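Undergrad: Following numbering that gives the first Met the number 0, the numbering of the sequence shown begins with 0 at its first residue and continues without gaps.
The C-beta atom is built at its ideal place from N, Cα and C for all residues, glycine as well.
This structure is a prediction, so every number in the text was calculated from the model and none was measured.
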Amino acid sequence: MAYIEGIPHKHLTQKEVNQKHEALINQAIETFKITEETYLASKGDRDELNLSDEIRGLLRRNNLETKLLEKPSFQDMLKKLGKQSAQQQGLTQEGRRKL
């Protein structure tokens, strides 16, 4: 007898069981922000699941969101460039004073 969240589902057809499993996978991807890399790393030696295009899209979206969070914002880049520019100007002014 098979179980989903503690509820036996032997009375369900295989299609209904697959739909429930896919719904649980979608829920886990949304809740835990699972990325493609995380999914592939967690599957280990198991055969690949037949993931729908929707699930693959969610995995890719989460992956993109994670990568975007890791990159600096445009404002952060401008601040960094401004600091570098100020340092360079300070160095050239010191050089002029020494000459």
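Applying the criterion that 16 or more other CB atoms from any shown protein chain within 10 Å of the CB defines a buried residue, is Leu58 buried or exposed?
TA: Leu58 should be labelled buried.
Undergrad: Helix or strand or just coil, what does DSSP make of His20?
TA: In this structure, His20 counts as helix in the three-state DSSP scheme.
Undergrad: Could you check if Thr30 is buried or exposed, using at least 16 other CB atoms within 10 Å of its CB as the buried criterion?
TA: Exposed, because fewer than 16 other Cβ atoms sit within 10 Å of the Cβ of Thr30.
Undergrad: How long is the line joining the alpha carbons of Tyr38 and Ser51, rounded to whole angstroms?
TA: Distance between the alpha carbons of Tyr38 and Ser51: 14 Å.
Undergrad: What residue from Ser72, Lys70, Lys32 has the CA that sits closest to Ile54's CA?
TA: Looking at the Cα atoms, Lys32 is the closest of the given residues.
Undergrad: Out of Glu35, Leu11, Gln26, Gln87, which has the shortest C-alpha to C-alpha gap to Lys66?
TA: The residue with the shortest Cα to Cα distance from Lys66 is Glu35.
Undergrad: Distance, Cα to Cα, Glu15 vs Lys70?
TA: The alpha-carbon atoms of Glu15 and Lys70 are separated by roughly 41 Å.
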